[in-house]
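Working notes, structure below.
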Amino acid sequence: MNRRVPKIVVLLIALLPLIRFSGNDVRAQKAKAAAPKLSSADCLACHNNPELTKEVNGKQISVAVNEATFKNSVHGPLDCTACHTDVKAYPHDPAPQPVTACATCHESAGQEYQTSVHAAARQKGNTDSANCAACHGTHNILPKADPKSTVHHLNIADTCAKCHEDERLTKANKLAPPEFIRKYRDSVHGRGVKVSGLMVSATCSDCHGAHGTKSHTDPQSNMARANLPNTCSKCHLGIFNDFAQSTHGELWKQGETRGPVCATCHQSHEIKAPTSAGFQLQVPNECAHCHNNKTQSYRDTFHGQATSLGLAVAAKCSDCHTPHHNLPQNNPASSVAPGNLVQTCGKCHAGANASFVTYDPHADPADKNKSQLVWATFTFMKWLLLGVFGFFSLHTVLWFQRALVAWRRKETPAEHENGQYVQRFSLAQRLTHLVIILSFLWLAATGLPLKYHDTGWGHALGTLMGGVEVTRFFHRLWAVATFGYAFYHLWFLLKRIVKERDFSLLHGPSSLVPRKQDFIDLAHNFRWFFYRGPRPKLDRWTYWEKFDYFAVFWGIPVIGLSGLALWLPGLFTKFLPGKLLNVAMILHGEEALLAVGFIFAFHFFHNHLRPENFPLDTVMFTGKLPLARFIAERPAEYERLVATGKLDEVLTGPPDELTRKVSTWFGLTALVIGLTLALAIFATYLIRS
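In our numbering, the protein residues as written are -10 to 678.
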């Protein structure tokens, strides 16, 4: 049976494409239809008055609405009663309540907001907590894409800051402190948004969400530990992929809380540019939270010491292990796997080879099982320091108390400065000693900051000297000067012994080579310390002066060669194994400490701080010693010169006034610098022990 379609239905179907709606969605049309028939023009007739107010909690609050602003907003086409549904008449009394009907049109956003920490706070009576109007505005709401919108990407941080930077609100509602917003503004994300205007730079809603913002303790939060890497991956997908494959990423995927996630290393709000010096210098400290045992051994290397003193280009954990794709050493894909070490080290050390990479960046000198060679070197140097410091500490204390008694008893003869003098040192010897003083002080002042990089005074000294790069330059410069005077002295010895056949430098009273009489003098000196006999009759060179001399002969090759190996590791590892660099590090540091401690403590006492010499002995600067003092201190040499008739050859007049003054001021300056460094070392030792 044929059924005819009513003409009215056909007409309606034909008219459907012509039906047009306003810019608002269907829900907005429904809300408008349900509201009282009161047009915006009717409302603005009163509310366009800028002086219009209402009383709220005893205060007059403006309820004025700028007509132009409202008309330009996204709600401009709507009537006021579409939102202010409680307005039933015109004029109305009481005044309309705050809007709560946004979800009528924005259902999805409203449902999401109800799950947020903001909604939860309002449900508990906290009217300060953010609602729709707090973020989007009231009568001036603009599209999110509009740069003037309060929720435009570049403005969101300022919008959130209205509450989260308010001291009153943050304290009253136990919010994150205002420092979080301030730290964000200074972060790489905040500066990207505010300074550079980067739309791709993360803002608050990118990490915390827009409407469903939750506490980071909520398992559903974007900022919860389990969700954070996924949140960051929205912008940093490549880094996330590396992280997911790494040891850290595996721990995260297993739910292990001991494994780091993004905010563990980068923090949450104060994220710095990874290439910045401030971030780079903190890398070892961040890694130390989980890897303290490895971090400590790293800090004992030049890399760790230099990083501690602010050298951002020195290798750090992330340079060797990679920032995000770190894998165990036994994984062939690891940057520190044996097969990849040459490439990894070669990023900084162009001469790296298979020998070079046998260097252990995490050596433990106290662990015999890890490397017997490193352990043996460390143990030997430790006992050498203890032996030298122990013996000469006892020697100095005994001498000091005995010298004080001798001074009080007037056993020490008075010096006659205006009498005759003995020429004790030649100009060449004095100039050599001058270079020794200058080079030694500079080497100590530029090397000790690295040795004591973990102390306040080490940092202060390093800063005073101009930083690691400056101190490294001058340390090497004065090392060259040290090699210079060492080779000059060797040439002098060979010339006298080989060419001039002067064997008195090898034996006899004028020789610095130890002999039997030195041990006799040592025993007699100890007898004098204990009031058991007179002072020994000393000759041209005393036993402690010979110790000083051979300490230099021992020290320069040890410090010098080990220092050269550390300076030129690529060159040395072409013919030596890289593990010897670990040995060189120990030798250089411990021998330097031995030299500095001995010179600034015991050598200074022997030559300057004894009561009869205090505060300074200028003989090494002027080259001249008063005859009366010469007779008292070197009676054996005096008697020999008299017996051989050679005394007149060494007698001379007093030094001139200028030489005296220059010698005194230079010597006192060097003395003060040395004693200050010695006290700093001694204080550090006491604090650590």
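The beta carbon of each residue, even a glycine, is placed where N, CA and C say it ideally should be.
{"Check": "N-terminal and C-terminal residue of the beta strand (DSSP E) that Q412 is part of", "Outcome": "410 to 412"}
{"Check": "Opposing strand residues paired with Q49 [DSSP bridges]", "Outcome": "E44"}
{"Check": "DSSP state of K613 mapped onto helix, strand, coil", "Outcome": "strand"}
{"Check": "N-terminal and C-terminal residue of the alpha helix (DSSP H) that R419 is part of", "Outcome": "416 to 440"}
{"Check": "Option nearest Q103 by Cα separation, candidates T202, N37, H81, Q271", "Outcome": "T202"}
{"Check": "Endpoints, the alpha helix (DSSP H) within which L565 is located", "Outcome": "Where L565 is concerned, there is no enclosing alpha helix (DSSP H), given that its DSSP letter is neither H nor E."}
{"Check": "Bridge-paired residues (DSSP) for T641", "Outcome": "Y410"}
{"Check": "Alpha-carbon to alpha-carbon, T253 and C152", "Outcome": "26 Å"}
{"Check": "Cβ-Cβ separation, A301 to A339 (assumed contact under 8 Å), whole Å", "Outcome": "The Cβ separation is near 20 Å, so there is no contact."}
{"Check": "Cβ-based neighbour list, G198, same chain, cut-off 6 Å, excluding 5 preceding and 5 following", "Outcome": "N211"}
{"Check": "Sub-9 Å separation of Y679 and K650 beta-carbons", "Outcome": "Since the displayed the chain opens at -10 and closes at 678, residue 679 lies outside it and no answer follows."}
{"Check": "E579 in three-state terms, based on DSSP", "Outcome": "helix"}
{"Check": "Opening and closing residue of the alpha helix (DSSP H) in which P218 lies", "Outcome": "217 to 222"}
{"Check": "Distance CB(K305)-CB(Q269) smaller than 9 Å", "Outcome": "yes"}
{"Check": "Own chain residues within Cβ distance below 6 Å of F561, not counting five before or after", "Outcome": "A554"}
{"Check": "Identity of the residue in G186, L131, P438 nearest A146 by Cα", "Outcome": "G186"}
{"Check": "Three-state secondary structure assigned by DSSP to A659", "Outcome": "helix"}
{"Check": "Touching by the beta-carbon criterion (3+ pairs, under 8 Å), the stretch 525 to 540 and the stretch 623 to 638", "Outcome": "yes"}
{"Check": "Own chain partners of P558 with C-beta closer than 6 Å, once the 5 adjacent residues on each side are dropped", "Outcome": "L570"}
{"Check": "Contacts around F367, its chain only, beta-carbon distance under 8 Å, and the 5 residues preceding and following it disregarded", "Outcome": "P354, A355, I575, E579"}
{"Check": "Close-in-space but distant-in-sequence residues of the same chain around V457 (CB under 7 Å, 5 per side omitted)", "Outcome": "A295, L298, G299, L300, G451"}
{"Check": "CB contact flag (V503, K535, <9 Å)", "Outcome": "Note that residue 503 is Pro in the sequence shown, not Val. Their beta carbons are under 9 Å apart, which means P503 touches K535 by this criterion."}
{"Check": "Complete runs of the alpha helix (DSSP H) confined to the stretch 70 to 136 [at least 4 residues]", "Outcome": "96 to 103, 106 to 112, 121 to 125"}
{"Check": "Cβ separation of H478 and T435, assumed to be a contact under 8 Å, to the nearest whole Å", "Outcome": "The Cβ separation is near 23 Å, so there is no contact."}
{"Check": "Euclidean distance between Cα positions of S652 and T611", "Outcome": "7 Å"}
{"Check": "Sequence-distant residues of its chain with Cβ nearer than 6 Å to E638 (five each side left out)", "Outcome": "none"}
{"Check": "Euclidean distance between Cα positions of S105 and H73", "Outcome": "24 Å"}
{"Check": "I670 to I676 span [Cα, whole Å]", "Outcome": "10 Å"}
{"Check": "Endpoints, the alpha helix (DSSP H) within which H255 is located", "Outcome": "251 to 255"}
{"Check": "Residue from H351, Q332, Y79, M188 whose Cα sits closest to the Cα of N342", "Outcome": "Q332"}
{"Check": "Nearest-angstrom beta carbon gap, P438 and T471 [assumed within contact, 8 Å]", "Outcome": "That belief does not hold up - the Cβ atoms of T471 and P438 are roughly 18 Å apart, past 8 Å."}
{"Check": "Buried versus exposed call for S692 [16 or more other C-beta atoms within 10 Å across all chains shown]", "Outcome": "There is no way to answer for residue 692, as the model of the chain reaches only from -10 to 678."}
{"Check": "K183 and Q256 closer than 9 Å at C-beta", "Outcome": "no"}
{"Check": "Length of the line joining the Cα atoms of C193 and V250", "Outcome": "19 Å"}
{"Check": "Straight-line gap, A92 to C121 (C-alpha atoms, nearest Å)", "Outcome": "9 Å"}
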